[in-house]
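First the structure, in the form of structure tokens, and then the observations on it.
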Amino acid sequence: MHIDLRTVTIKPLRHTFDNIARRLGADKPATRYQEGTLDMQQTANFHYRPTWDPDHQIYDASRTAIKMADWYAFKDPRQFYYGAYTMARAKQQDTAEANFDFVENRNLADTLPADVRATVLELLVPLRHVAWGSNMNNASICAYSYGTAFSQPGIYQAMDQLGIAQYLTRVGLLLGGVESLEVAKTSWMEGDAWQGLRRYVEDCMVIKDPVELFVAQNVALDGLLYPLVYETIVDDVLSAKGGTPVAMLTQFMTDWFTETKRWTDATMKTAAAESDENKAILAKWVIQWRDRAAAALLPVARIALNERTDALVAEVVQQFDARLIKSGVPL
Amino acid sequence: MDMQVAKKKLGLKERYAVMTRGLDWVPSYQKMEDIYPYMSYEGIKIHDWDKWEDPFRLTMDAYWKYQAEKERKLYAVLDAFNQNNGHLNVTDARYINTVKLFVSGISPLEYVAHRGFAHAGRQFPGAGPRVACLMQSLDEIRHAQTQVHAVANYNKYYNGMHDFHHAHDRVWFLSVPKSFFDDAITAGPFEFMVSIGFSFEYVLTNLLFVPFVSGAAYNGDMGTMTFGFSAQSDEARHMTLGLEVIKFILEQDPDNLPIVQRWIDKWTWRGYRVLTLVAMMMDYMLPKRTMSWKEAWEIYFEENGGALFKDLARYGITMPKCAEQIALEKDHLSHQAWSTFYNYAAAANFHTWVPDEDEMAWLSAKYPDSYDKYYRPRMEYWREQAAKGNRFYNKTLPMLCQTCQIPMVFTEPGDPTKICYREVDYKESKYHFCSDHCKAIFEHEPEKYVQAWLPVHQIYQGNCFPEGTDPTVEGFDPLAAVLDYYHFESGRDNLDFEGSEDQKNFDAWRGMATKNV
Amino acid sequence: MSTVFIALQTNEDTRPIVEAIVQDNPDAIVNEAPAMVKIDADGKLVIRRETIEELIGRSYDLQELQINLITMSGNLDQTDDEMTLYWNA
Ligand SMILES: [Fe+2]
Ligand SMILES: [Fe+2]
Chain A
1 MHIDLRTVTI KPLRHTFDNI ARRLGADKPA TRYQEGTLDM QQTANFHYRP
51 TWDPDHQIYD ASRTAIKMAD WYAFKDPRQF YYGAYTMARA KQQDTAEANF
101 DFVENRNLAD TLPADVRATV LELLVPLRHV AWGSNMNNAS ICAYSYGTAF
151 SQPGIYQAMD QLGIAQYLTR VGLLLGGVES LEVAKTSWME GDAWQGLRRY
201 VEDCMVIKDP VELFVAQNVA LDGLLYPLVY ETIVDDVLSA KGGTPVAMLT
251 QFMTDWFTET KRWTDATMKT AAAESDENKA ILAKWVIQWR DRAAAALLPV
301 ARIALNERTD ALVAEVVQQF DARLIKSGVP L
Chain B
1 MDMQVAKKKL GLKERYAVMT RGLDWVPSYQ KMEDIYPYMS YEGIKIHDWD
51 KWEDPFRLTM DAYWKYQAEK ERKLYAVLDA FNQNNGHLNV TDARYINTVK
101 LFVSGISPLE YVAHRGFAHA GRQFPGAGPR VACLMQSLDE IRHAQTQVHA
151 VANYNKYYNG MHDFHHAHDR VWFLSVPKSF FDDAITAGPF EFMVSIGFSF
201 EYVLTNLLFV PFVSGAAYNG DMGTMTFGFS AQSDEARHMT LGLEVIKFIL
251 EQDPDNLPIV QRWIDKWTWR GYRVLTLVAM MMDYMLPKRT MSWKEAWEIY
301 FEENGGALFK DLARYGITMP KCAEQIALEK DHLSHQAWST FYNYAAAANF
351 HTWVPDEDEM AWLSAKYPDS YDKYYRPRME YWREQAAKGN RFYNKTLPML
401 CQTCQIPMVF TEPGDPTKIC YREVDYKESK YHFCSDHCKA IFEHEPEKYV
451 QAWLPVHQIY QGNCFPEGTD PTVEGFDPLA AVLDYYHFES GRDNLDFEGS
501 EDQKNFDAWR GMATKNV
Chain C
1 MSTVFIALQT NEDTRPIVEA IVQDNPDAIV NEAPAMVKID ADGKLVIRRE
51 TIEELIGRSY DLQELQINLI TMSGNLDQTD DEMTLYWNA
């Protein structure tokens, strides 16, 4: 028997789950981001302590020096739950695929001026290892931070960075074949220009405080690297030299950074607004990691920028500081 | 650089290799043991992470593409389900109790799996397993969220689910699934992979999902069926990861065998005990039955698991010993479990009931050796008593097994008339167990299991009353206070299905669709 | 030999896939359940990209299978052209 149930209008008993209603202050319809995020992480009556970290509970806010009265004060401005996240990325992936096809089908790679191609292979391809490091660091942030509002974007960021590492790999394959990946890896491991950056990435891998790691990786390093490499070097400097096809191949990264920095900014803003103690800790971390990141990026930027390096890096740092100050971090 | 580099198209395996392990490097500014600090304490020896074979070779671009397609389809179905009052299409309102059990017992575990795989996916020094684990971590948050989103619509119209996160961390029987996953995530990364990746995903997940999801399909619940099958579509990747992990560990060093065998023994039993909830759901809670618990066990464990263990025999792995006891219990498990929940229906967030005549006939046919002899008389007696107005609610708290945390209601292997009790003295205290297997698990790691947050002990210690409760006042009602602590609304969330608000509302709403009122 | 199996959702996408599997594995047994089709085979089951492509008249990536996959059993080996499930013993 088929009954037409659409004709029935019934009054719901409630509009959302109680935990959401408590947080919204009323029983009213909630978004999928809210229902998929708020209170998703367990908070009470854990049965056993981690054998790998007996000093902490499974989820433990004391893994970080940052203190929050409520870890659900954080909100991802993109409102990413899994569905929204994958659908957004699939769309960007479509564009990226079309861009790669465009460059490949028209053999645009072969039309690149030799110095542009050399710069791309020398500068962009080793960055796949930096993205890989960020994948690991964001896995840490997701695993060891407290509250789904903070931890959830960590896994998205981790997988985005894996995706970026894979796009950069494709750039290498397209412009220089498999051997370009090997050459880039040798630079990464041994080249003078890269050792500061590699040390930075490896040092991040042993940071135990998930919020400090967030600052070192997502705020400081990415906050300087993306504007410098993708916005300044690829989109301006290389494009001016006939390297527009390169900008097509890295459009994902440019768009991605514009999007994700809204999340990093919102996160810093919320943590800083919480207390003066948080402000002081965040400022200390930002300054310390910013200075290290800027120093590590200098020799890398020099590959493309030559004598303009110092000026352009200084400019990027200045913009970075303005961003952080706007988020309420006293620098 | 030579402009004419031959850009031959890489095959799937080579391409995947440059896209994952090619990204990794051996660190020199920090020590391996500082970057991967949890790699040695479990005693597992790995000599060459490059021997890892990637089963599914999915790069992020393909991942986003396929997963987005799944999500689009899923949410289209959920939206339609919500708009069309799809919940009124289910066979009868008793079915909805399986959804309550699922969202409060299982969905929170998907979330723990998400965090656990993020942890494992950070800690393994091999790029291959790390990427596979992180992808699984991402999938698991998907499962947690799609389940919450699918159940959100049921929550609008039916009781028992309204504060399921709160319940999961507190309610007596929910400590069974919770402690299971807490146990896994607090173990070392290798044991986590064997417990969840292998034992749960490969050996037991079919028993959880296929009956639950087919059950939803049989009972007209398109929403649950869709999220269930959609989640399962990620499962093939997870199962393969679990199997590859086992093979990889065993191939790396012969010393790993006894450790892995012990983990498989432990986690098959731990997982099986959690599946008690599924057994009773299949045999009692689905108005339209798919297959019996016993049949599901025979197909998915005895036959399919048998094939798996035969395949692993070349590494020296044997079928877990507990399989023998499980085989003896398969005629009894669901009946003993349902009887327990029938007893404790005052303290649960879902309704129970006595099966009707047809359902009893089905149970007799599926369990010819046990149902009529041991369980039917009991249920007929309850039915009689309920008809006289004496619906029995047990308000005495049961003793729990220290390991699996299930009330001690299971019978001796081979003697369904005698409750099975085991005990161990450890440092001044006595600990109780439902079985030899739970006892053995405790004895191997007593310092872990003495930590267990046993709901009944906690209630007796006064830790499960709302803040400010004074248990010494005259007329103090401990059960009412515990239900407050659980955020259960007594009279709406609990008790028998017969006479429940769910039953009344469902009938009234269905009536509106079929009659002119 | 032990049984390997693969289970797919029943829908428009999977109909030709099931047909292709049956073509390539004539001894496989197809079990229909509500919304699910489970295919059992003795010891080994091969899913070939080309056979599917012939049936659907377009190019097909075996990874697309994941959209409709419910469960499976056996060791897995996947290349661009074939996906194989097998037991060694
Ligand atoms: Fe899952
Ligand atoms: Fe037990």
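Protein chains in written order, with UniProt numbering: chain A, 1 to 331; chain B, 1 to 517; chain C, 1 to 89. Each residue gets a CB set at the ideal place from its N, CA and C atoms; glycine is no exception. Quantities reported herein were computed from a predicted structural model and do not represent experimental measurements.
Original post:
How about aspartate 311 of chain B: is its C-beta nearer than 8 Å to some C-beta of chain C?
Top reply: Taking the first residue of the second sequence as position 1, residue 311 of chain B is located at position 311. For aspartate 311 of chain B, the answer is yes, since a Cβ of chain C falls inside 8 Å of its Cβ.
Subject >> Proximity test, isoleucine 326 of chain B beta-carbon vs ligand 2 heavy atom, cut-off 7 Å >> reply: Here residue 326 of chain B refers to the residue found at position 326 when the second sequence is read from its first residue. Checking the Cβ of isoleucine 326 of chain B against ligand 2 gives no.
Subject >> Cβ neighbour criterion (16 or more within 10 Å) applied to proline 258 of chain B >> reply: The count along the second sequence starts at 1 and reaches residue 258 of chain B at position 258. Classification of proline 258 of chain B: exposed, given that the 10 Å Cβ count is below 16.
**OP:** Pull out every residue of the stretch 58 to 91 of chain B whose Cβ sits closer than 8 Å to any Cβ of chain A, in chain order.
**Re:** Thr59, Met60, Asp61, Tyr63, Trp64, Lys65, Gln67, Ala68, Glu69, Glu71, Arg72, Leu74, Tyr75, Gln83, Asn84, Asn85, Gly86, Leu88, Asn89
Subject >> Beta-carbon proximity list for lysine 13 of chain B, same chain, < 7 Å, skipping 5 on both sides >> reply: To locate residue 13 of chain B, count along the second sequence from 1; it is residue 13. Arg57, listed in sequence order.
Subject >> Whether methionine 68 of chain A touches glutamate 274 of chain A by CB criterion (8 Å) >> reply: Working through the first sequence from its first residue, we reach residue 68 of chain A at position 68. Working through the first sequence from its first residue, we reach residue 274 of chain A at position 274. The answer is yes: Cβ separation under 8 Å.
Original post:
Applying the criterion that 16 or more other CB atoms from any shown protein chain within 10 Å of the CB defines a buried residue, is glycine 475 of chain B buried or exposed?
Top reply: As a first step, residue 475 of chain B must be located in the second sequence, where it is residue number 475. Exposed, by the Cβ-count rule.
Subject >> Strand pairing of alanine 41 of chain C, partner residues [DSSP] >> reply: Your numbering for residue 41 of chain C matches position 41 in the third sequence. Its beta-bridge partners are C:Val4.
Subject >> Start-to-end residues for the beta strand (DSSP E) that takes in arginine 422 of chain B >> reply: If you number the second sequence from 1, residue 422 of chain B lands on position 422. Segment 422 to 426, the beta strand (DSSP E) holding arginine 422 of chain B.
**OP:** Could you name the residues of the same chain whose beta carbon sits closer than 6 Å to that of tyrosine 95 of chain B, not counting the 5 residues immediately before and after it, in chain order?
**Re:** For the purposes of this step, residue 95 of chain B is identified with residue 95 of the second sequence, where counting begins at 1. Around tyrosine 95 of chain B: Asn219, Pro287.
Original post:
Is histidine 204 of chain A near ligand 2, in the sense that its beta carbon is under 7 Å from a heavy atom of that ligand?
Top reply: Position 204 of the first sequence, counting from 1, holds the residue named residue 204 of chain A. The sequence given here places cysteine at residue 204 of chain A; histidine does not occur at that position. Not under cutoff, so the answer is no.
**OP:** Say whether chain C places a C-beta atom closer than 8 Å to the C-beta of arginine 376 of chain B.
**Re:** The residue labelled residue 376 of chain B in the question sits at position 376 within the second sequence. Not an interface residue.
**OP:** Give the residues of chain B in contact with threonine 79 of chain C, contact being defined as C-beta atoms less than 9 Å apart.
**Re:** Here residue 79 of chain C is taken as the residue at index 79 of the third sequence, counted from 1. Correct list: Gly11, Leu12, Lys13.
Subject >> Other residues of its chain near leucine 454 of chain B: CB distance less than 8 Å, five sequence neighbours each side excluded >> reply: As a working note, residue 454 of chain B is residue 454 in the second sequence. Answer for leucine 454 of chain B: Ser175, Leu400, Gln402, Gln405, listed in chain order.
**OP:** Under 6 Å from any heavy atom of ligand 2, by CB: list those residues in chain order, please.
**Re:** B:Arg273, B:Cys401, B:Thr403, B:Cys404, B:Ile406, B:Phe433, B:Cys434, B:Ser435, B:Cys438
Original post:
Beta carbon of alanine 65 of chain A: closer than 7 Å to some heavy atom of ligand 1?
Top reply: For the purposes of this step, residue 65 of chain A is identified with residue 65 of the first sequence, where counting begins at 1. Because no heavy atom of ligand 1 lies under 7 Å away, the Cβ of alanine 65 of chain A does not count as near it: no.
Original post:
With a cut-off of 8 Å, does the C-beta of arginine 273 of chain B fall near any C-beta of chain A?
Top reply: Stepping through the second sequence from its first residue, residue 273 of chain B is reached at position 273. No, arginine 273 of chain B lies away from the interface with chain A (no Cβ there is under 8 Å from its Cβ).
Original post:
Which parts of the stretch 78 to 135 of chain B are runs of the alpha helix (DSSP H), unbroken and 4 residues or longer, counting only runs that do not cross its ends?
Top reply: 96 to 105, 107 to 123
Original post:
Whose CB is closer than 6 Å to a heavy atom of ligand 1? List the residues in chain order.
Top reply: B:Glu110, B:Ala113, B:Glu140, B:His143, B:Ala231
Original post:
Is it true that the stretch 343 to 361 of chain B meets the stretch 163 to 180 of chain B, where meeting means three or more beta-carbon pairs spaced less than 8 Å apart?
Top reply: yes
Subject >> Identity of the residue in A:Ala21, A:Tyr82, A:Asn99 nearest glutamine 157 of chain A by Cα >> reply: The sequence position of residue 157 of chain A within the first sequence is 157, counting from 1. That would be A:Tyr82, whose Cα lies nearest to the Cα of glutamine 157 of chain A.
**OP:** State the Cα-Cα distance for the pair asparagine 31 of chain C and glutamine 9 of chain C, rounded to the nearest angstrom.
**Re:** Residue 31 of chain C sits at position 31 when you count from the first residue of the third sequence. Residue 9 of chain C sits at position 9 when you count from the first residue of the third sequence. Taking the straight line joining both Cα atoms gives about 12 Å.
**OP:** Could you confirm whether any beta carbon from chain A is found closer than 8 Å to the beta carbon of threonine 411 of chain B?
**Re:** Position 411 of the second sequence holds residue 411 of chain B. Not an interface residue.
Subject >> Contacts of leucine 495 of chain B in chain C (Cβ-Cβ under 8 Å) >> reply: Here residue 495 of chain B corresponds to residue number 495 of the second sequence, with the count starting at 1. Near leucine 495 of chain B there are no residues of chain C at all, since even the closest Cβ is about 32 Å away, more than 8 Å.
Original post:
Whole-angstrom Cβ separation of valine 211 of chain A and alanine 271 of chain A, contact assumed at under 8 Å?
Top reply: Residue mapping note: residue 211 of chain A aligns to position 211 of the first sequence, counting from 1. Residue mapping note: residue 271 of chain A aligns to position 271 of the first sequence, counting from 1. Their Cβ separation, rounded to whole angstroms, is 7 Å, which keeps valine 211 of chain A and alanine 271 of chain A in contact under 8 Å.
Original post:
leucine 76 of chain C versus chain B: which residues are under 9 Å apart at the beta carbon?
Top reply: As a working mapping, residue 76 of chain C is identified with position 76 in the third sequence. Here the neighbours are Pro55, Phe56, Ala236, Met239, Thr240, Leu243, Glu244.
Original post:
Residues of chain B with a CB under 9 Å from the CB of threonine 84 of chain C: which are they?
Top reply: On the third sequence, position 84 is the one that residue 84 of chain C refers to. The premise fails here: threonine 84 of chain C is roughly 11 Å from chain B at the closest Cβ pair, so nothing lies under 9 Å.
Subject >> Coarse secondary structure for threonine 264 of chain A, derived from DSSP in three states >> reply: Locating residue 264 of chain A in the first sequence gives position 264, counting from the first residue. Threonine 264 of chain A falls in the helix class under three-state DSSP.
Subject >> Buried or exposed (CB count within 10 angstroms, at least 16 for buried), proline 245 of chain A >> reply: As a first step, residue 245 of chain A is located in the first sequence; it is residue number 245 there, counting from the start. Buried, by the Cβ-count rule.
Original post:
alpha helix (DSSP H) containing leucine 328 of chain B: first to last residue?
Top reply: Here residue 328 of chain B is taken as the residue at index 328 of the second sequence, counted from 1. From DSSP, the alpha helix (DSSP H) with leucine 328 of chain B extends over 322 to 329.
Subject >> Length of the line joining the Cα atoms of leucine 308 of chain B and valine 201 of chain A >> reply: Within the second sequence, numbered from 1, the residue matching residue 308 of chain B stands at position 308. Within the first sequence, numbered from 1, the residue matching residue 201 of chain A stands at position 201. About 42 Å.
Original post:
On the three-state DSSP scale, how would you describe threonine 224 of chain B?
Top reply: Walking along the second sequence from the start, residue 224 of chain B turns up at place 224. In the structure shown, threonine 224 of chain B sits in a helix (DSSP, three-state: H, G or I).
**OP:** Flag methionine 379 of chain B as yes if its beta-carbon sits less than 8 Å from any beta-carbon of chain C, otherwise no.
**Re:** Taking the first residue of the second sequence as 1, we reach residue 379 of chain B at position 379. No - not a single Cβ of chain C is within 8 Å of the one on methionine 379 of chain B.
Original post:
Straight-line CA distance for asparagine 343 of chain B to leucine 479 of chain B?
Top reply: By 1-based counting over the second sequence, the position of residue 343 of chain B is 343. By 1-based counting over the second sequence, the position of residue 479 of chain B is 479. Whole-angstrom Cα-Cα distance: 14 Å.
Subject >> Own chain residues within Cβ distance below 6 Å of tyrosine 431 of chain B, not counting five before or after >> reply: Taking the first residue of the second sequence as 1, we reach residue 431 of chain B at position 431. Counting only Cβ-Cβ distances below 6 Å, and skipping sequence neighbours, we find Gln402, Val424.
**OP:** Give the interface partners of threonine 3 of chain C over in chain B, defined as CB-CB distance under 9 Å, in chain order.
**Re:** As a first step, residue 3 of chain C must be located in the third sequence, where it is residue number 3. Glu303, Asn304, Ala307, listed in chain order.
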